[in-house]
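The structure under discussion appears below in the form of structure tokens.
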Amino acid sequence: MSAADPTLNKIALTSSDKLPPYRNDARKFLTLPNELLTIISDAIEPGDLPNFRLTCRTLNDVSSKHFGEKRLAHRRFIFTEYSMTGLMNMTAHSVFGPCIKSVLFGTHCLTNNLDTLMKAIDSLKVSDIEAMVILRKYHTCWDTRSRFYADRRLSRMLVLALSNLRVLGNQVALGVFNDVPDGVRGLYTRPLSGYGSEHQSRTLPFVKLMMSNVSTLNVMFASCNVVGFSPHRIVLDLSESGIDMETSHAFDSFMLGNSGHIPPTIDACIKDRQTKTYVSSSQSSLSLRPRILPGDIWTEPENRTVSNVSLNVVFRTALAAAHFRRFRMDSCSIQADGLLPVLRRFRRTLQVVELINIAIWVGDKFDASRCVLPVLCTLRDDLQLQELVMDNVRAYHEDYYNGGILVANGRSWYGQQQIRQGLSVFIDSGWDDSDSDEHFKKSLSYIEADCQLQYADYVDMHKPEDTDYIDFLQWKGSREEALEEYKLEYEEYKLKRGRIREVMAAVEALRP
1 MSAADPTLNK
11 IALTSSDKLP
21 PYRNDARKFL
31 TLPNELLTII
41 SDAIEPGDLP
51 NFRLTCRTLN
61 DVSSKHFGEK
71 RLAHRRFIFT
81 EYSMTGLMNM
91 TAHSVFGPCI
101 KSVLFGTHCL
111 TNNLDTLMKA
121 IDSLKVSDIE
131 AMVILRKYHT
141 CWDTRSRFYA
151 DRRLSRMLVL
161 ALSNLRVLGN
171 QVALGVFNDV
181 PDGVRGLYTR
191 PLSGYGSEHQ
201 SRTLPFVKLM
211 MSNVSTLNVM
221 FASCNVVGFS
231 PHRIVLDLSE
241 SGIDMETSHA
251 FDSFMLGNSG
261 HIPPTIDACI
271 KDRQTKTYVS
281 SSQSSLSLRP
291 RILPGDIWTE
301 PENRTVSNVS
311 LNVVFRTALA
321 AAHFRRFRMD
331 SCSIQADGLL
341 PVLRRFRRTL
351 QVVELINIAI
361 WVGDKFDASR
371 CVLPVLCTLR
381 DDLQLQELVM
391 DNVRAYHEDY
401 YNGGILVANG
411 RSWYGQQQIR
421 QGLSVFIDSG
431 WDDSDSDEHF
441 KKSLSYIEAD
451 CQLQYADYVD
461 MHKPEDTDYI
471 DFLQWKGSRE
481 EALEEYKLEY
491 EEYKLKRGRI
501 REVMAAVEAL
511 RP
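Going by full-length UniProt numbering, the letters in the sequence shown line up with residues 1 to 512, in that order.
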């Protein structure tokens with residue numbers, strides 16, 4: 001049978017015609033407009049959902065537990081009926097409900113402040129009639145939200161959602177996020193949003209929000225008390241705007257309760273623009289890490305400065321009452337005089353300190369050791385540590401290059417004797433600074449090459465009988481003398497580093 005035999009085309013056509021219709025249309029299904037997909041999904045009976053998923057592999061994938069764990073584990077919502085309905089449906093879902101790991105609620109709502117709205121309307125250059133229409137839309141949104149609060153639908157829906165999570169047995173983090181940061185925003189950041197944010201503003205020409213007149217944390221904690229639900233962690237995502245006093249009081253009240261101490265079953269995470277501060281009550285640990293937002297391009301530790309502002313403002317009473325045994329900083333930088341208060345505040349209870357991939361900013365680029373010395377002395381003299389980890393800890397100044405001056409690298413010490421002796425080596429003899437050896441070698445090579453080059457240039461252009469030849473010989477002698485002195489300095493440095501390595505090796509050999 002030839003390749004052009006019409007029987008083949010007939011067979012192929014007949015085979016295609018016999019495919020079930022849903023197989024032919026499956027790959028086209030997701031090309032439908034989102035509005036139609038939503039209508040179709042809403043019309044599907046729960047019992048038909050398995051068959052509905054079979055019409056398209058993509059639909060099957062987004063209905064699986066793997067999809068839920070990857071895309072739905074950490075969600076944000078706002079206090080509107082539309083958003084809270086989504087939360088209730090999600091927590092009641094047999095597949096997606098168990099995937100939920102954290103739920104955050106927005107602290108802001110659409111404003112009803114007339115001055116704010118009129119300024120925004122004036123910038124649109126619209127007519128008075130159009131301005132009144134916009135004001136009525138905002139007024140309607142405000143009334144709808146007020147009724148939603150007043151008739152306690154918000155509380156009932158939140159209680160039902162938390163009840164679903166309690167039945168599922170999820171370890172869930174609860175908290176709030178600032179959806180409208182104050183001040184001038186960074187170049188690479190954008191306001192946070194929650195599920196339902198676009199829905200509530202879909203008919204508005206602009207979005208102007210204000211701090212909610214109902215404390216988001218108070219509503220959340222009250223619902224937790226009704227249900228008897230204990231969140232695994234409390235999260236405050238503050239972005240750039242800090243924390244208002246009402247939220248701060250609600251946080252302290254819940255974290256401390258009647259005992260005046262952080263309960264051992266609750267952890268906390270505070271996020272501001274630069275810093276993520278973790279408190280683990282169960283492990284009695286405090287951790288500072290940098291916050292990297294989407295679009296941030298400066299991710300080196302020296303460019304990720306953390307601060308102890310959160311320790312002074314956000315945690316306030318809660319942290320003052322805590323007894324941390326472990327402190328960790330990871331992949332960030334901090335001012336030398338900013339690290340000291342943290343170490344000294346918990347000096348009576350700290351047993352473990354971990355400084356990993358840290359840049360310590362110094363004020364004097366010519367005397368970095370003087371700036372870092374108080375930190376090392378505090379670790380040695382003021383704390384009773386049982387474990388100290390210092391890995392890739394560097395002194396840094398804006399005029400330094402190659403990541404700054406290495407203070408400690410790969411150091412893990414255990415027991416007070418080993419820790420104190422190891423720190424004494426750093427304090428009395430010098431740091432790990434492996435870059436200095438390379439610096440000496442480069443400088444030595446540069447001086448030698450410079451002397452040879454200048455000598456060759458002079459010989460090419462002058463003769464021994466020239467009158468300035470004696471001056472040249474004197475200059476050459478002084479350069480060679482300086483070179484020999486530098487070589488001696490380098491040899492002394494190598495001997496000193498050798499002795500330090502021997503002493504440090506003896507320290508490393510100690511057992512707790």
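C-beta atoms are modelled at their ideal positions from N, C-alpha and C, and glycine is treated no differently.
Residue state for ALA173 is assigned as strand, using DSSP reduced to three classes. A distance below 8 Å separates the beta carbons of PHE77 and GLY194. With fewer than 16 other Cβ atoms from the protein chains shown falling within 10 Å of its own Cβ, GLY228 counts as exposed. Per DSSP, CYS224 is one residue of the alpha helix (DSSP H) stretching across 216 to 227. Taking every protein chain shown into account, the CB of ILE121 has 16 or more other CB atoms within 10 angstroms, so this residue is buried.
Here GLN417 is exposed, its C-beta having fewer than 16 other C-beta atoms within 10 Å. With a threshold of 16 other beta carbon atoms within 10 Å, ARG145 meets it and is buried. With a 10 Å radius around the Cβ and a threshold of 16 neighbouring Cβ atoms, MET210 comes out exposed. A contact is defined here as three or more CB-CB pairs under 8 Å, and the stretch 443 to 456 meets this definition with respect to the stretch 481 to 494. Secondary structure of ASN392 (DSSP, three-state): strand. The three-state reading of DSSP puts LEU495 in helix, counting H, G and I together.
In terms of Cβ geometry, GLY106 and PHE177 form a close pair [threshold 8 Å]. Between LEU376 and ILE334, the CB-CB gap reaches or exceeds 8 Å. In the three-state reduction of the DSSP assignment, GLN417 falls in the helix class, which pools H, G and I.
Residue burial is scored here from C-beta neighbours: PHE324 has at least 16 other C-beta atoms within 10 angstroms and is therefore classed as buried. ILE360 is positioned such that its CB atom lies no closer than 8 Å to that of LEU388.
Around the beta carbon of GLY404, 16 or more other beta carbons sit within 10 angstroms, so the residue counts as buried. For the pair ILE356 and PRO290, the Cα-to-Cα distance works out to about 12 Å. Distances from the alpha-carbon of ARG501 to those of ALA456, ARG411 and ARG479 put ARG411 closest. Contact fails between the stretch 165 to 176 and the stretch 128 to 141, because fewer than three Cβ pairs, one in each stretch, are under 8 Å apart. Residue state for GLU398 is assigned as coil, using DSSP reduced to three classes. Remark: C-beta atoms of SER215 and GLU246 approach each other more closely than 8 Å. Within the same chain, and ignoring the five residues on either side of VAL503 in sequence, the residues whose Cβ sits closer than 6 Å to its Cβ are VAL425. Counting along the chain, SER123 sits inside the alpha helix (DSSP H) bounded by residues 114 to 124.
The distance from the Cβ of GLN386 to that of VAL507 is about 16 Å, inconsistent with a contact at the 8 Å cut-off. The alpha-carbon of ASN89 is positioned some 13 Å away from that of ARG75. In the same chain as ARG380, and ignoring 5 residues on each side of it, the C-beta atoms closer than 6 Å to its own belong to ARG420 and LEU423, in chain order. In this structure, SER230 is the residue among GLN474, THR277 and SER230 with its C-alpha nearest to the C-alpha of VAL167. Contact annotation, CYS109 with SER197: C-beta distance approximately 11 Å; criterion of less than 8 Å not satisfied.
With fewer than 16 other Cβ atoms inside 10 Å of its own Cβ, ASN113 counts as exposed. With respect to the C-alpha of ARG136, the residue from LEU117, LYS125, PHE148 and LEU154 having the closest C-alpha is LEU117.
In the DSSP assignment, GLN335 falls within the beta strand (DSSP E) that extends over 326 to 335.
When C-alpha distances from THR91 are compared across ALA131, LEU165 and LYS101, the shortest belongs to LEU165.
If you draw a straight line from the Cα of SER94 to the Cα of GLU130, it comes to about 47 Å.
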